[in-house]
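Protein chains in written order, with our numbering: chain S, 172 to 307; chain H, 172 to 307. Okay, structure first, notes after.
Protein chains: 2
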Amino acid sequence: MHKPRIETLNLHPIGRVRTEVCKPPRHWSISEASGTLVVDPEYAPGLRGIKAGDEIVVLFYFDRSPPFTAELLQQQPPHLGGESRGVFATCSPKRPNPLGMSVLKVTAIAHNRLEVMGIDMHDGTPILDIKPHVRA
Amino acid sequence: MHKPRIETLNLHPIGRVRTEVCKPPRHWSISEASGTLVVDPEYAPGLRGIKAGDEIVVLFYFDRSPPFTAELLQQQPPHLGGESRGVFATCSPKRPNPLGMSVLKVTAIAHNRLEVMGIDMHDGTPILDIKPHVRA
Numbered sequence: 172m173h174k175p176r177i178e179t180l181n182l183h184p185i186g187r188v189r190t191e192v193c194k195p196p197r198h199w200s201i202s203e204a205s206g207t208l209v210v211d212p213e214y215a216p217g218l219r220g221i222k223a224g225d226e227i228v229v230l231f232y233f234d235r236s237p238p239f240t241a242e243l244l245q246q247q248p249p250h251l252g253g254e255s256r257g258v259f260a261t262c263s264p265k266r267p268n269p270l271g272m273s274v275l276k277v278t279a280i281a282h283n284r285l286e287v288m289g290i291d292m293h294d295g296t297p298i299l300d301i302k303p304h305v306r307a
Numbered sequence: 172m173h174k175p176r177i178e179t180l181n182l183h184p185i186g187r188v189r190t191e192v193c194k195p196p197r198h199w200s201i202s203e204a205s206g207t208l209v210v211d212p213e214y215a216p217g218l219r220g221i222k223a224g225d226e227i228v229v230l231f232y233f234d235r236s237p238p239f240t241a242e243l244l245q246q247q248p249p250h251l252g253g254e255s256r257g258v259f260a261t262c263s264p265k266r267p268n269p270l271g272m273s274v275l276k277v278t279a280i281a282h283n284r285l286e287v288m289g290i291d292m293h294d295g296t297p298i299l300d301i302k303p304h305v306r307a
């Protein structure tokens with residue numbers, strides 16, 4: 172059996188979301204908001220191959236979420252009319268690990284900046300990873 | 172401007188991937204491998220609402236990846252015939268933050284165990300989060 176090597180995982184922001192939207196939409200799938208993913212300059216070479224028109228997956232950190240507690244294991248998403256769901260069946264920002272995932276459309280790229288559509292993050296949100304969006 | 176509150180982010184596994192597959196496929200989108208997501212029992216209530224037939228997004232930790240170095244900012248994915256790409260335009264497990272994302276299909280659920288299809292992780296991989304898969 173594989174022995175766990177780690178129990179606490181340390182991550183660090185690779186950049187930040189910049190947007191002028193004050194109240195971001197609830198979810199990327201219904202967002203037409205635009206913004207910029209500003210990657211730390213040291214990581215700019217890692218963007219090679221991304222081009223306007225691409226869809227990307229952005230993993231980010233919900234840095235304004237409260238600490239997770241057992242009461243948050245089941246939540247009532249506001250748009251579901253009071254129905255209670257397990258946190259892993261929701262997109263709530265209040266999660267055991269406060270990780271967010273959005274699918275965004277790239278509209279332009281220059282050096283360490285990706286202009287994107289579909290923003291559902293607050294200005295300043297720490298970005299952890301960017302991946303190609305693969306449709307099965 | 173939003174002031175960053177954090178620079179190192181601490182996450183913890185919420186469970187583990189279990190699979191008998193020794194050499195997992197390169198990517199979930201081409202995988203027919205099955206396995207089990209075993210969530211720590213304390214988080215079992217968070218699975219409420221997930222049912223057989225659902226597609227889920229699983230975020231996990233590439234716990235066997237080497238430390239990231241600048242040489243890994245551009246990589247040549249084996250299936251692309253030598254083409255060099257920025258790490259953020261690939262699904263390589265060697266990333267600044269070693270986070271993986273797979274879309275899996277739930278075939279059964281019981282208490283803290285989700286039986287799934289589409290496995291592309293090694294047995295023992297730490298799971299960080301589970302979300303509904305939303306198609307735009």
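Think of the CB as a built atom: it goes at the ideal place given N, C-alpha and C, for glycine as much as any other residue.
The ligand GDP heavy atom lying under 8 angstroms from the CB of residue i
i                : result
GLY271 (chain H) : Annotation note on the ligand GDP: not contained in the displayed structure, which lists no ligands.
Minimum Cβ-Cβ distance from residue i to chain H less than 9 angstroms
i                : result
GLU203 (chain S) : no
ASP300 (chain S) : yes
ILE185 (chain S) : yes
ALA307 (chain S) : yes
ILE260 (chain S) : Note on residue identity: the sequence assigns Ala, not Ile, to residue 260 (chain S). With 9 angstroms as the cut-off, ALA260 (chain S) counts as an interface residue toward chain H.
SER200 (chain S) : yes
MET288 (chain S) : no
ALA281 (chain S) : no
PRO297 (chain S) : yes
VAL274 (chain S) : yes
Contact set for residue i: own chain, Cβ-Cβ below 7 angstroms, skip 5 residues either direction
i                : result
ALA223 (chain S) : VAL277, THR278, ALA279 and ILE280
ARG256 (chain S) : GLN245, GLN246 and PRO248
Close-in-space but distant-in-sequence residues of the same chain around residue i (CB under 6 angstroms, 5 per side omitted)
i                : result
LYS265 (chain H) : SER236 and LEU243
Proximity test, Cβ basis, 9 angstroms: residue i and chain S
i                : result
GLY257 (chain H) : yes
ARG197 (chain H) : no
PRO264 (chain H) : no
THR278 (chain H) : no
GLU191 (chain H) : no
Residue i - partner residues in DSSP beta bridges
i                : result
ILE227 (chain H) : H:LEU275 and H:PRO303
ILE332 (chain S) : The shown model of chain S, from 172 to 307, leaves out residue 332 (chain S), and the question about it has no answer.
ASN181 (chain S) : H:ASN181
SER205 (chain S) : S:MET288
GLN247 (chain H) : DSSP, once it has assigned bridges, lists no residue as partnering GLN247 (chain H).
PRO297 (chain S) : S:ARG187
(Q) Measuring CB atoms only, is the stretch 185-203 of chain S touching the stretch 188-204 of chain H, in the sense that at least three cross pairs come out at less than 8 angstroms? (A) no
**Q.** Residues of the stretch 206-219 of chain H with Cβ closer than 7 angstroms to any Cβ of chain S, in chain order
**A.** TYR214, PRO216, GLY217, LEU218 and ARG219
Q.
Against chain H, which members of the stretch 219-250 of chain S pass a CB distance test of less than 7 angstroms?
A. ARG219, GLY220, ILE221, VAL228, LEU230, TYR232, ASP234, LEU244 and GLN245
Q | Cβ contact check for the stretch 203-213 of chain S and the stretch 281-294 of chain S: 3 or more pairs under 8 angstroms | A | yes
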